[in-house]
Amino acid sequence: MLTAKTMHADVHATLHSMVAIQVRDVPGAIRDDLMRAARERGQSLQVFLREVLEVEARKSRNREFLREMAPIPVSGEMSSDRIAELIREGRDGRDERIMDALGKPADS
Numbered sequence: 001m002l003t004a005k006t007m008h009a010d011v012h013a014t015l016h017s018m019v020a021i022q023v024r025d026v027p028g029a030i031r032d033d034l035m036r037a038a039r040e041r042g043q044s045l046q047v048f049l050r051e052v053l054e055v056e057a058r059k060s061r062n063r064e065f066l067r068e069m070a071p072i073p074v075s076g077e078m079s080s081d082r083i084a085e086l087i088r089e090g091r092d093g094r095d096e097r098i099m100d101a102l103g104k105p106a107d108s
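Numbered per UniProt numbering, the sequence shown spans residues 1 to 108.
Right, here's the structure in full:
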């Protein structure tokens with residue numbers, strides 16, 4: 001059964017397969033600005049840049065999610081049953097996408 005706990009464990013395990021990214025030809029002034037920003041937050045440049053990359057990746061996933069969402073037609077009032085059904089459908093779709101990304105069947 002798919003639970004928040006098993007999904008969290010799977011996502012956490014995936015995070016341990018990290019890669020190295022190298023950026024070339026960064027002007028010194030930009031590097032200095034980034035180092036200053038990291039120092040102001042009490043972080044190393046590596047930690048600061050990883051957080052910047054995480055935020056950008058999250059934004060990208062959010063944009064993709066919004067593009068994929070079919071507009072929900074609203075005409076008049078919706079019943080609470082219909083609202084609950086739409087929420088369940090959205091959650092089921094989200095769970096399937098997460099499990100697909102992890103390479104696991106959705107019903108595990």
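Think of the CB as a built atom: it goes at the ideal place given N, C-alpha and C, for glycine as much as any other residue.
- In the three-state scheme derived from DSSP, where H, G and I count as helix and E and B as strand, residue 77 is classed as coil.
- Residue 53 sits away from residue 45, with the two beta carbons spaced by 8 Å or more.
- For residue 69, same chain residues with a beta-carbon under 6 Å away, outside a window of 5 residues either side, do not exist.
- Its chain contains 48 as the residues whose beta carbon lies nearer than 8 Å to that of residue 37, once the 5 sequence neighbours on both sides are disregarded; these appear in chain order.
- Shown here, residue 20 sits in coil according to DSSP, grouped into three states, outside any helix or strand.
- Under the DSSP assignment, residue 52 falls in the alpha helix (DSSP H) whose first and last residues are 45-68.
- Closest in C-alpha terms to residue 20, from the list 32, 29, 50, comes 50.
- Residue 26 and residue 58 have their C-alpha atoms spaced approximately 23 Å apart.
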